[in-house]
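Take the sequence shown: its letters are residues 1 to 335, numbered as in our numbering. Ideal placement from N, C-alpha and C gives every residue a C-beta, glycine not left out. Keep in mind it's a predicted model, so treat the numbers as computed, not measured. Structure first, commentary second.
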Amino acid sequence: MYASYYGFRVKPFQLRPDPSFFFGSRGHKRAMAYLEYGLSQGEGFIVITGEVGAGKTTLVRNLFRTLESENILAAQIVNTHLDSDDTLRMVAAAFGLPYENSGKASLLIGLEEFFRKCDQQGKRALLVVDEAQNLSPRTVEELRMLSNFQTDDKPLLQTFLLGQPEFRRTLLSGDMQQLRQRVTATYHLGPMDLSETQSYIEHRLSTAGWSGDPSFDESAFAAIYDYTGGIPRKINTLCDRLLLMGCLEKLHGFGGSEVDEVIRDIQQEFDMPTDVIQVEADIASGLNRAEVLASVENMDKRVAELEGSVVSLLELLKQVLSLAGVNKNLRKDKV
């Protein structure tokens with residue numbers, strides 16, 4: 001919608017990772033250097049961590065663009081909420097191998113044969129595991145065991161592990177010592193600073209065909225940075241909404257006030273209703289969700305019992321009044 005209004009060839013702030021928009025901040029350049037170093041070593045594990053939306057997937061996809069002439073056969077898995085056996089199936093599927101109705105032994109035999117065939121053809125196999133923070137220790141160990149496939153002088157598989165910061169805790173746990181010994185390099189991808197945030201925004205705009213319309217003043221860049229903390233995905237989300245608002249209101253320049261207006265709109269959209277907030281407060285105070293629901297159900301039960309008691313009392317009162325009327329009539333008849 002706003003792309004044609006501002007004359008962009010494509011949307012500059014799409015959310016899906018696109019290596020054609022790769023921006024080499026200081027952190028991203030260093031992370032790329034670690035990945036390239038790992039490739040040059042041809043063995044072990046490279047670990048890259050970073051906050052949600054820091055650009056880890058875009059980093060790897062940019063790396064893949066450079067692998068065409070390197071004789072490296074790369075595969076990537078992103079669904080990591082799996083047990084160890086299902087993860088092996090995902091690895092097999094990522095390399096184009098049959099995996100349905102296959103047991104663990106068959107999967108391992110098939111993977112080793114495939115890796116050896118790659119080596120015989122002068123190619124190297126590279127496995128990239130995204131969202132590694134979701135891997136269980138047992139699954140991580142299964143991936144480590146794949147690195148045991150090797151010839152007399154070199155391993156047959158190299159693995160990159162990409163994850164959120166909590167994966168570092170998994171890596172540092174006591175039962176991960178054997179994996180740590182095989183980690184060639186590790187790097188944490190942090191957020192961009194204010195200057196890089198401005199350069200990042202201008203880079204994406206220029207890549208999309210920006211000719212200066214719309215313009216951004218310094219207060220706009222500062223407000224964007226304050227809200228997003230220099231996280232690329234947050235910047236993309238905010239700037240996408242900012243350009244949409246600019247198109248609807250026919251704006252050709254943005255300052256801090258326009259950015260703040262969009263931020264308020266976004267915050268209002270994600271405000272929770274009062275009743276939801278109260279339940280969450282109850283949970284935060286020490287009750288879990290099941291206890292809260294049980295408390296509500298118990299209250300309903302008590303109200304129903306009270307209603308039943310009131311009905312019983314009313315029936316008893318009617319009977320008492322009825323008996324009183326009968327006794328009064330009997331006394332009249334005796335008189």
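In terms of DSSP beta bridges, what is residue i paired with?
i	result
VAL129	ILE77, LEU161
PHE45	THR159, VAL183
HIS188	THR49
SER338	This structure does not reach residue 338, given that the chain is present from 1 up to 335, and the question cannot be answered.
ARG124	ILE72
In terms of alpha-carbon separation, which member of the options lies closest to residue i?
i	options	result
GLU112	LEU135, ASP18, GLN158	GLN158
PRO17	ASN62, GLU51, ALA3	ASN62
SER199	TYR187, ALA220, LEU179	ALA220
LYS234	ARG169, PRO191, LEU126, ASP213	PRO191
LEU107	HIS81, GLU142, LEU73	GLU142
TYR187	PRO12, GLY255, LYS29	LYS29
PHE22	ILE201, ASN134, LEU59	LEU59
LEU156	GLN164, GLN181, ARG168, GLY122	GLY122
With a threshold of 16 other CB atoms inside 10 Å of the CB of residue i, please say whether the residue is buried or exposed.
i	result
ILE224	buried
ILE109	exposed
THR151	exposed
TYR34	buried
ILE231	buried
LYS56	buried
GLU269	exposed
VAL78	exposed
ASN148	exposed
LEU243	buried
ASP130	buried
Check the C-beta distance from residue i over to residue j and give it rounded, since I have them as a contact under 8 Å.
i	j	result
GLY44	THR184	4 Å
PHE8	GLY253	Going by Cβ atoms, the distance from PHE8 to GLY253 rounds to 16 Å, so no, they are not a contact pair.
TYR2	GLY246	7 Å
Taking DSSP as the reference, what is the three-state secondary structure of residue i?
i	result
GLN150	strand
PHE374	Because the chain is modelled from 1 through 335, residue 374 falls outside the range shown and cannot be assessed.
SER199	helix
PHE114	helix
ILE231	coil
ARG168	helix
PHE270	coil
ASN236	helix
GLN14	coil
LEU243	helix
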